[in-house]
Amino acid sequence: MAKILRITLFCIFSNLVYAQESVTDITSKILQMNSPQDGLSDFYQTDKVTYFVDAIDQYGEITDHECSQNHDSPLFNTVACFVKYSHLKSGLVWEFYFFKENEKWIGTNLGVIQEIPNEVCIADITFKKQLGQGITYEQVPCM
């Protein structure tokens, strides 16, 4: 009985913590996982997670990412993330959509909003704080 109570309390506490985290923190934690596609599949209620899985299959594992919330409204929030992969020198900018239901964030949609050409190396990225707008960056010589 004590074990069931501990498990129940853990589940309640985990959901409360998840609801209190920002959408940027939630997205970053998922992208830092050993298998981010599993984290996305668990969190997102859309079949578009397959686009993310396809990108990992095509470009290799995620080597780095940087995220910023780019839309905040009463209806939904979005997070833009610049994601680098082991076999893609430049990277992709993904946008992750969130909806809050019963004080809990739910992933509802995701997709690529900007592709950085592979022959381009970039620095000093700045996130545009608008829905679907991606990043600005400085083009630098590739090493």
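The opening position of the sequence shown corresponds to residue 879 in the numbering used here, with each subsequent residue numbered one higher.
Note that beta-carbon positions come from the ideal geometry of N, C-alpha and C, so glycine has one too.
| Query | Result |
| --- | --- |
| Which residues DSSP lists as bridging D950, in chain order | N955 |
| Own chain partners of F930 with C-beta closer than 8 Å, once the 5 adjacent residues on each side are dropped | P914, Q915, L918, W972, L988 |
| Beta-carbon spacing of F954, T905 below 8 Å | no |
| Three-way DSSP call (helix, strand, coil) for G917 in this model | helix |
| Range of the contiguous beta strand (DSSP E) that encloses K967 | 966 to 979 |
| Residues that K1007 bridges to, as DSSP identifies them | According to DSSP, K1007 bridges with nothing at all. |
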